[in-house]
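Chains as they are written, first to last, in the numbering used here: chain A, 1280 to 1503; chain B, 771 to 995; chain C, 664 to 897.
All remarks here apply to the structure that follows.
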Amino acid sequence: MSLLPNTAVLLGKELRTEFRSRELLTTTIVFILIVIVLFSFTFDPTSDESRRFAPGLLWLAFLFASSLMLQPCFLREQHNDTLSALRLSVSDPFAIFLAKLIANTLFLLLTELLLLPLFATMYNVPVLSVLHWLVLVFFLASLGISIAGTALSAISAQARMRELLLPLLMLPLLTPILVASTEVTKALFDRAPYVQWKGIGFLAVFDVVFLTALWLFGEYLLEE
Amino acid sequence: MWKRAMTGAVVLFLVGAAAYASFYIAPEERTMRVIQRIFYFHAASAWAGMTAFSICFVANLLYVWRRDEKWDSLGVSSAEVGLAFITVVLITGPIWARPAWGIYWTWDARLTSTFVLWLLYISYLLLRTLIEEPDRRALLSALFGIFAFIDVPIVFGAIRWWRTQHPAPVIMGGPGSGLEPTMRKVFFFSVLALHALMVFLIAERYRLEKLRTDLELVRREAEAT
Amino acid sequence: MTPPAFAPVGLRFENIDKRYGGLLALRGVSLSIAPGECVVFAGRNGSGKTTLLRIAARLVRPSKGSLSFPGELSKEQAAAIRPGFVAHATMVYDELTAEENLLLFARLQRVPQPEHRVDALLQEVGLSDRRASLVRTFSRGMRQRVAIARALLHEPTILLLDEPATGLDPQGVTWLTEAIRRLRDSGRTILMSLHGESEISSLGTRAIRLDAGSIVADTRTGATFRSILRFADV
């Protein structure tokens, strides 16, 4: 079974391509920064309000950013028709999706972790004590966003108005992630922080369900 | 031709009968009074809409498996009809809420989930307008439809779990409120009537879609030569 | 001629239709290609040559009909057949080097000793000295060579070439002709789509002309090689 070795090779390619140009990472980070600053104009960021709104803000910013970051995912494979080369070379097309979604999860996680200290400072939320739990939430949510986003970007790459289409397809679909992640994060930012296991379990279930759906239907997304 | 007209008349009669029943046969509700009667259409529309989306889901699966364009036609027909019923739900909600609570929208769990549902299927239809080639359009929208439908219970679950913790007025009395026997009969009759309407509308829309695709085929063939 | 070290494979297209909207790119194409044949497809743009090759590469699913690989193969072997495909697009990553591209595809296809194989191919296509340059910096001709190297990585038994000489200068065409000749002589089955008579077309053992998605002439059924190729662009 060559699914895992193929995935590893492709993942290497995705990472190498991104770290060589860093264009996705830099633009995504800057975008989230802009959103965070803009949001601060809409309420009083120093008061207690910020503790209530901060988690939602954070996840909205991540969601918007990811709906932009995931656009080139399959679009760039249309250049020189490299997607056909990949389809010809791998025995299981799921490897293509798996590699891309793992790479996207890593990129999202990286941007989230880089921005967390900044966000915490700007909105006065305590993160150090609950850092490991935050990382867990970030990971599970980013995984869910990547799974759905990678699948949907394969669809939007084949349609018109693809820049606007991907957010349109992704954002309603990902509302459960927004809800669950915000609630778990809110609990962690609370004066008496606690871990909301219900939310974490929910995110994990979302990830499993959509990964399975992608595994079942992925090859049809790439058909010609 | 006559068969369709007859069926249409029967369906119209059923819907009319349900409307009559909800206004004159069902007893008046204690707290909400007259405005509560809109519940029969509001809730029955929600059921009819969900049934239509379930039909869409099955049609999507069948298209991916069989690649017969009739499944694609059924998919788009049921999605559009479902969306129409869900729109009714979203409109009757505020109509009820205003006299009852003084506000139009309460972000009640079910209504919010319904709104997301509405957005999902609007996206499905929008996606279709953005893909020109019929076979691609059918396949990609079927795949999105499958993902969207899988998401529906997750959306409802998430919003119900967390949103209902926030105190907010609940549309139509919430899950706890029971229905008195006559009310229950009227409600199920409304459900039946609206389902009949749904099936009729899907059948008509399907017919229209078949004509449209046939015409499209002829036009493309003419253009190609 | 030494016997091939692999089992030669043929192709059979049975009643293939491919529909794009209202347009039938291929209509009822039935064709048997014997192992080791070198077939030249001629025809105008839009006649269906590219679609036929993409179906043979199993990149495109036919709307109707089927493709099979007759020969002494088990079911698993037939399913695992991977033709080498050179298309109009180069199918390589601009942002990777020539070597990185070839290593990527070699590893994906589980080519044994990938580094050696890549070395050998870079040598053969004459790009050894540019192996560490990004493909983005290559000329059209050099990219075509990388594309050809990519197609040959796994030593395919079937080769599909869609106008492979595009972008090559005269030396490139001569080199490519020799390379195809060697592949043909080693017993591989080759399907090429070409625009007309050229050095490369003379390698063909059979010629077929497509027009509006159907086969209109075949040297196997009596047409002459010349007639098929000569009027290809009319």
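Cβ atoms here follow ideal geometry from the backbone N, Cα and C, with glycine treated the same way.
*Would you tell me roughly how many angstroms separate the C-alpha atoms of residue 870/C and residue 751/C, rounded to the nearest one?*
Straight through space, the alpha carbons of residue 751/C and residue 870/C are spaced by roughly 20 Å.
*Is residue 773/B buried or exposed, if buried means 16 or more other CB atoms sit within 10 Å of its CB?*
exposed
*Spatial neighbours of residue 1323/A in its chain, beta-carbon cut-off 8 Å, leaving aside the 5 residues before and after*: 1329
*Tell me whether residue 1313/A sits in a helix, a strand or coil according to DSSP, three-state version.*
Under the three-state reduction of DSSP, residue 1313/A is assigned to helix.
*Which residues mark the beginning and the end of the beta strand (DSSP E) in which residue 748/C is found?*
747–749
*How about residue 720/C and residue 746/C: do their beta carbons lie closer than 7 Å?*
yes
*For residue 717/C, which of helix, strand or coil comes out of DSSP?*
helix
*On the premise that residue 1423/A lies in contact with residue 1482/A, defined as a C-beta separation below 8 Å, what is that separation, rounded to the nearest angstrom?*
6 Å
*Do you know how far the Cα of residue 810/C is from the Cα of residue 835/C?*
13 Å
*Does DSSP classify residue 825/C as helix, strand or coil?*
strand
*Name the one or two DSSP bridge partners that residue 1341/A has.*
None, per the DSSP bridge assignment.
*Residue interval of the alpha helix (DSSP H) (run including residue 707/C)*: Unbroken run through residue 707/C: none, as it is neither H nor E.
*In or out: residue 1375/A buried (at least 16 other Cβ within 10 Å) or exposed?*
Residue 1375/A should be labelled buried.
*Which chain C residues are close to residue 923/B, counting only those with a beta carbon under 7 Å from its beta carbon?*
Neighbours of residue 923/B on chain C: none; closest Cβ ~32 Å, over 7 Å.
*Residues in the segment 866–894 of chain B with C-beta within 8 Å of chain A's C-beta atoms, listed in sequence order?*
886, 889, 890, 893
_Whole-angstrom distance between residue 895/B and residue 787/C, CA atom to CA atom_ = 52 Å
*Going by alpha carbons, who is nearest to residue 771/C out of 1471/A, 1369/A, 1373/A?*
1369/A
*In angstroms, rounded to a whole number, what distance separates the CA positions of residue 671/C and residue 883/B?*
If you take the alpha carbons of residue 671/C and residue 883/B, they lie about 59 Å apart.
*Since residue 685/C meets chain B, which of its residues come closer than 9 Å, beta carbon to beta carbon?*
904, 986, 987, 988, 989, 990, 991, 992, 993, 994
*For a contact meaning CB atoms closer than 8 Å, what does residue 803/C contact in chain B?*
The contacting residues do not exist; residue 803/C stays about 29 Å from chain B at best.
_Local conformation of residue 676/C per DSSP, three classes_ = In this structure, residue 676/C counts as strand in the three-state DSSP scheme.
_Cβ closer than 9 Å: which chain A residues qualify as neighbours of residue 897/B?_
1434, 1435, 1438, 1444, 1447, 1448
*asked:* For residue 822/C and residue 778/C, what's the separation of their Cα atoms in angstroms?
replied: 22 Å
_Nearest by alpha-carbon distance to residue 881/B: which of 929/B, 917/B, 983/B is it?_
929/B
*Burial state of residue 946/B (16 or more Cβ within 10 Å)*: Residue placement at residue 946/B cannot be trusted, given a pLDDT of 44 that sits under 50; the coordinates are not used to answer.
*Hey, could you find the ends of the beta strand (DSSP E) residue 869/C is sitting in?*
Segment 869–874, the beta strand (DSSP E) holding residue 869/C.
*Note down the Cα distance separating residue 1468/A from residue 1404/A, rounded to an integer number of angstroms.*
6 Å
*Does residue 852/C get closer than 7 Å to chain A when you measure Cβ to Cβ?*
no
_With a threshold of 8 Å, are at least 3 pairs of Cβ atoms found where one atom belongs to the segment 794–811 of chain B and the other to the segment 1382–1400 of chain A?_
No, they do not touch.
*asked:* Checking the sheet assignment: what are the DSSP bridge partners for residue 803/B?
replied: 799/B
_Rounded to the nearest angstrom, what separates residue 857/B and residue 1498/A at their Cα positions?_
34 Å
*asked:* Would the segment 1290–1299 of chain A count as touching the segment 1376–1395 of chain A if we require 3 or more Cβ pairs under 8 Å?
replied: yes
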